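Colleague: Handing you a structure now.
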Ligand code: PLP
């Protein structure tokens, strides 16, 4: 029987279970993928707000990653909240040793409730880290912060990230308007690829974590990037429909 593939999750915990590592592991399990973790921060959260963030020391984040990579045959890495600039650089140094593993990075900057989850001084490190990632998945506010000072307009901003070395950027349209929620994949040397799903009248925390983890899961199963995104989007859409059906 084939072994279940393995994904290493580098992310923060969220006590409410709405986002972060809990969402990541739930998503990986739904795709039949095993998980290991490098915890970057412990956060005290309800669904309404972030009470406290305790960042894990960067060398301990790197050590957790190295231990996971030594213990398991890791087929993909998912990165979420990184918490500090030093952690961004520590994660980057571990990835330098394993360029063979595809990395999906969700650039977590603020919670839906408005709390900062990464300080502004982390931007240069984050932009450098993008070069080591198979895919970066900013939403529209994240994209505008990442590309600030460069240019206006989501697609031009995403193009700027590609110019600065990102290998693939998925611009997530969830924060936009219109009947369809459209995500656009930009890659050097490829035409832009759109992924559309009907926009649903529901908000749910942790959808960014879910999408990036689902892409990592599909990559771990051997999908090529566009197929992995297709499958991941269908999964998140299904979870949103489920939220509507089971909302109390
Ligand atoms: N807390 C943690 C640990 C996260 O990783 C994230 C997002 O990835 C959030 C909070 C923010 O999630 P939301 O925007 O759904 O509040």
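Numbering (this note's numbering), first residue to last: -4 to 243. All C-beta atoms, glycine included, are put in the ideal place defined by N, C-alpha and C. Nothing here was measured: the structure is a model prediction, and the numbers come from that model.
1) Using CA coordinates, which residue listed in 36, 64, 107 is at the minimum distance from residue 81?
2) Assign residue 11 to one of three DSSP states: helix, strand, or coil.
3) Which first and last residues belong to the alpha helix (DSSP H) in which residue 136 is found?
4) DSSP beta-bridge partners for residue 185?
5) If you draw a straight line from the C-alpha of residue 85 to the C-alpha of residue 124, how long is it?
6) Spatial neighbours of residue 141 within its chain, please: CB distance less than 8 Å, with the 5 preceding and 5 following residues excluded, ordered by chain position.
7) To the nearest angstrom, how far is the alpha carbon of residue 207 from that of residue 227?
8) Using DSSP with H/G/I as helix, E/B as strand and the rest coil, what is residue 31?
9) Report all residues from its chain with a CB closer than 6 Å to the CB of residue 44; omit the five preceding and five following residues, and keep chain order.
10) Nearest to residue 111 by alpha carbon, out of 19, 192, 7?
11) Which one of 230, 218, 223, 204 has the shortest CA to CA distance from residue 100?
12) Looking at residue 93 and ligand 1, is the gap between the Cβ and the nearest heavy atom below 6 Å?
13) Out of curiosity, what's the CA-to-CA distance linking residue 65 and residue 18?
14) To which residues of the same chain is residue 138 closer than 7 Å at the C-beta, ignoring the five residues directly before and after it?
15) Checking the sheet assignment: what are the DSSP bridge partners for residue 40?
16) Looking at the secondary structure, which residues open and close the alpha helix (DSSP H) in which residue 118 lies?
17) Within 10 angstroms of its Cβ, does residue 79 collect 16 or more other Cβ (buried), or is it exposed?
18) Which residue from 170, -2, 161, 200 puts its Cα closest to that of residue 182?
19) Can you give me the Cβ contacts of residue 159 inside the same chain, cut-off strictly under 7 Å, excluding the 5 residues immediately before and after it?
20) So does residue 38 have its beta carbon nearer than 6 Å to some heavy atom of ligand 1?
21) Would you kindly check if the distance between the Cβ of residue 77 and the Cβ of residue 127 is under 7 Å?
Modeller: Reading off the structure:
1) 36
2) coil
3) 135 to 141
4) BP columns for residue 185 are empty, so no partner.
5) The straight-line gap from Cα to Cα measures roughly 10 Å.
6) 102, 118, 121, 122, 133, 152, 156
7) 8 Å
8) strand
9) 108
10) 7
11) 204
12) Incorrect: residue 93 has no Cβ contact closer than 6 Å to ligand 1.
13) Using only the alpha carbons, I get a separation of about 24 Å.
14) 149, 152, 153, 166
15) 45
16) Per DSSP, the unbroken alpha helix (DSSP H) holding residue 118 starts and ends at 118 to 125.
17) Burial call: buried.
18) 161
19) 122
20) Because some heavy atom of ligand 1 lies under 6 Å away, the Cβ of residue 38 counts as near it: yes.
21) no
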